[in-house]
Amino acid sequence: MRIRDNNKLVILSHYPMEEWDGLYRGSYHLFGHVHNKDQHLLKLDNRFNVCTDVIGFTPRILDELIEIRESDKLNFDLYKKIVEGLEGKLSKEILEKIAYTSIPNEGKYDDHIVIRVHLSDDVDMDEMGCILISIRKSAEALGYSNAKRIMVDFLNA
Numbered sequence: 008m009r010i011r012d013n014n015k016l017v018i019l020s021h022y023p024m025e026e027w028d029g030l031y032r033g034s035y036h037l038f039g040h041v042h043n044k045d046q047h048l049l050k051l052d053n054r055f056n057v058c059t060d061v062i063g064f065t066p067r068i069l070d071e072l073i074e075i076r077e078s079d080k081l082n083f084d085l086y087k088k089i090v091e092g093l094e095g096k097l098s099k100e101i102l103e104k105i106a107y108t109s110i111p112n113e114g115k116y117d118d119h120i121v122i123r124v125h126l127s128d129d130v131d132m133d134e135m136g137c138i139l140i141s142i143r144k145s146a147e148a149l150g151y152s153n154a155k156r157i158m159v160d161f162l163n164a
C-alpha cells in the first residue's frame with residue numbers, strides 16, 4: 008500500500024521488504040510482523056519496524072519515527088564500538104562464551120544504553136565480572152564519560 012505522510016512517500020507492508028517502490032528516491036517502508044526488538048539486521052535508513060510491541064504500543068507518524076531513529080543511531084553506534092572493543096580486552100575463552108550481544112528496545116531508554124549479553128550456560132561469576140569490567144573500560148576508552156549510564160543485561164543464549 009502506498010500513502011503520503013507529510014509529503015513523503017511511504018510504502019506499507021505487513022512483512023519487511025529488501026527493496027520497495029521509491030527506495031532509491033527517498034521513500035520509506037513501514038512494516039510489522041517482526042516482534043523481535045533486538046532485530047538490528049532489519050534496520051535500513053528508510054525502513055522502520057512498526058510492530059506494536061516494538062514501538063511501545065503507541066501510534067507514530069513518520070516524522071516521529073525518523074526522529075527516534077536519529078537518536079537511536081547514536082546509541083547503536085556507541086554499542087557497536089563498545090562491543091568491538093571487547094575483543095582486545097577479554098580472553099579468547101571468555102569471548103567464545105558470549106553467544107551474541109544486542110541492544111533491546113532499539114537501544115532507546117531515557118538516559119542510558121542497555122547492552123544485552125547472551126552467554127553460554129557454562130559462564131561463571133568471575134567471567135561475568137570480567138565481561139562487565141571490559142564493557143565499562145571500552146566505554147571509557149571511547150570517551151563515554153558517564154559509563155554508569157550503561158546497563159548490562161546478562162541472559163543465557
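When we follow the working numbering, the leftmost residue of the sequence shown carries the number 8, and every step to the right adds one.
By construction, the Cβ of each residue, glycine as well, lies at the ideal position given by its N, Cα and C atoms.
Exposure of residue i, with buried meaning 16 or more beta-carbon neighbours within 10 Å
i, result
"A106", "exposed"
"K99", "exposed"
"H42", "exposed"
"P66", "exposed"
"F64", "exposed"
"N13", "exposed"
"L102", "exposed"
"T108", "buried"
Beta-carbon proximity list for residue i, same chain, < 8 Å, skipping 5 on both sides
i, result
"L149", "L85, K88, I89 and G92"
"K15", "G33, S34, Y35 and L69"
"V57", "L37, F38, G39, R67 and L72"
Residue i and residue j closer than 8 Å at C-beta
i, j, result
"V159", "L139", "yes"
"L72", "F55", "yes"
"E77", "K104", "no"
Cβ shell of residue i (< 7 Å), same chain only, five flanking positions each side left out
i, result
"D128", "N163"
"H21", "F38, G39 and H40"
Cβ-based neighbour list, residue i, same chain, cut-off 6 Å, excluding 5 preceding and 5 following
i, result
"L19", "M8 and L37"
Selected residue, minimal CA-CA separation from residue i, among the options
i, options, result
"A146", "M135, V130 and K96", "K96"
"P23", "I10, R11 and N53", "N53"
"H125", "C137, I157, I62 and F161", "F161"
Counterpart residues of residue i in DSSP-defined beta bridges
i, result
"N56", "F38"
"R32", "In DSSP, R32 forms no bridge with anything."
"L19", "L37"
"I70", "Here the sequence assigns Asp to residue 70, which means Ile is not the residue at that position. In the DSSP output, where bridge partners are listed per residue, D70 has none listed."
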